[in-house]
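Single-structure report; data block below.
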Amino acid sequence: MADLWQNAMDYAVAIARKAGEVVRDALRDDMKVMTKSSSVDLVTQTDQKVEQLIIQSVKEKFPTHRFIGEESVAAGEACDLTDSPTWIIDPIDGTTNFVHAFPFVAVSIGFSVNKQSEFGVVYSCLEDKMFTARRGKGAFCNGEPLKVSDQEDIKQSIIATEFGSSREPEAVDKIFSSLRNILCIPVHGVRGAGSAAINMCLVASGCVEAYYEIGIHIWDVAAGSLIVSEAGGVLMDVEGGVVDLMSRRIVAANRRAIAERIVKEIDSFSPPRDDTPPSKQ
Ligand code: IPD
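Using full-length UniProt numbering, you'd call the opening residue of the sequence shown number 1 and step up by one each time.
Structure below.
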């Protein structure tokens, strides 16, 4: 079975590269920008086209596998993670960046079996960086091994986060309150690439010590989570404890003590879970 998943991962890398070409080409075209949950939650025809390209390619080789895809869920499909082999796809992570040609845009493909992540592929397609991780086998960028930062002091750290796509005043207040608490630790700086997947790869690469966000979805972080843990990092819920990829909350850090310090400063809240159908939210 192990070889089968290695084959699946090699296939995912090839598809992500092909998807990245489509994304790069689309940057030169006129874009039709549409919205989803709010006027700042953007989607383009390229997001939909790339998701279909990935799903169709996987179905040809692995016809029994299941999918959780950002745009399929937006179109009404269930967001169910079962024990079956499941590809968890964000065709363009950083759609707002893509629309504005802000240069951090990723194709993100996670793969899970028995609800355990087996591999993760994040292709930062404008930087041409292919991040990969296979469970138990380490994390890599363009074939070079990745390792999280060895910084122990949060005051000597850069923390990544995002403002997300909610403009509900209560959520925005909490996001700013957490940001204020973290800045005033004080830390060296706060950054955000505009793509959850790329932020997680920055943690894995040792460029930032941690990343946290409330409001992400499973497809934003499924691949990046394995890349962080295989690079030696830790994952945590924003209130501490085990991360739940359906909960839309995550802290990823180079070490447990830094994650725990961030948790202390977060003014947490709970957006509707990914696995709760809209009719029950
Ligand atoms: C978004 C990006 C963004 C994060 C949002 C995500 P999308 O994903 O990862 O950085 O702040 O929470 O939804 O919509 O571009 O795939």
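Where is the CB? At the ideal position from N, CA and C, for every residue including glycine. Bear in mind that the values here come from a model prediction, so they are computed numbers and not experimental data.
Among Pro-85, Glu-51, Ala-139, Val-40, which has the Cα closest to the Cα of Glu-230? Ala-139
Between which residues of its own chain and Val-234 is the CB-CB distance below 6 Å, once the five residues before and five after are set aside? Ala-253, Arg-256, Ala-259
When every heavy atom of ligand 1 is checked, does at least one fall within less than 6 Å of the C-beta of Ile-89? no
Identify whether Gln-116 lies in helix, strand or coil by the three-state DSSP scheme. strand
With a threshold of 7 Å between beta carbons, is Leu-4 in contact with chain D? Structure shown: chain D not included; a single protein chain is present.
Whole alpha helix (DSSP H) runs in the stretch 213 to 270 with 4 or more residues, listed along the chain? 218 to 230, 256 to 265
Quick one: is the Cβ of Ser-195 within less than 6 Å of any heavy atom of ligand 1? yes
Is Glu-162 near ligand 1, in the sense that its beta carbon is under 6 Å from a heavy atom of that ligand? yes
Cutting at 6 Å between CB atoms, please list the residues of its own chain near Gly-120, excluding the five before and the five after it. Gly-110, Ala-133, Ala-223, Leu-226, Ile-227
Per DSSP, what kind of secondary structure is residue 282 in: helix, strand or coil? Outside the displayed span of the chain (1 to 281) sits residue 282, for which this structure offers no information.
Could you check where the alpha helix (DSSP H) with Ala-75 kicks off and where it finishes? Taken as a continuous stretch (DSSP letters only), Ala-75 belongs to no alpha helix (DSSP H), as it is neither H nor E.
Pull the bridge partners of Trp-87 from the DSSP assignment, please. Phe-67, Phe-111
Sorry if obvious, but does the Cβ on Ile-216 come closer than 6 Å to a heavy atom of ligand 1? yes
Along the chain, where does the beta strand (DSSP E) that runs through Cys-141 open and close? 139 to 141
Can you determine whether any heavy atom of ligand 1 sits closer than 6 Å to the C-beta of Ser-276, and answer yes or no? For the record, residue 276 in the displayed sequence is Thr; it is not Ser. No - ligand 1 has no heavy atom lying nearer than 6 Å to the Cβ of Thr-276.
Between Val-263 and Gly-240, is the Cβ-Cβ spacing less than 7 Å? yes
Given residue 330, which residues of its chain have a CB within under 7 Å of its CB, disregarding the five upstream and five downstream residues? Because the chain here runs from 1 to 281, residue 330 falls outside it and cannot be looked at.
Residues near Phe-269 by beta carbon distance below 8 Å, same chain, minus five either side: Glu-170, Ala-171, Lys-174, Ile-214
Per-residue burial, Pro-272 [other beta carbons within 10 Å of its own, 16 or more giving buried]: exposed
According to the neighbour-count rule (16 or more other Cβ atoms, all chains shown, within 10 Å of its Cβ), is Met-34 buried or exposed? exposed
Distance CB(Ser-177)-CB(Asp-30) smaller than 7 Å: no
What I want to know is whether the C-beta of Phe-267 ends up closer than 6 Å to one or more non-hydrogen atoms of ligand 1. Before going further, note that residue 267 is Asp rather than Phe in the sequence given. Because no heavy atom of ligand 1 lies under 6 Å away, the Cβ of Asp-267 does not count as near it: no.
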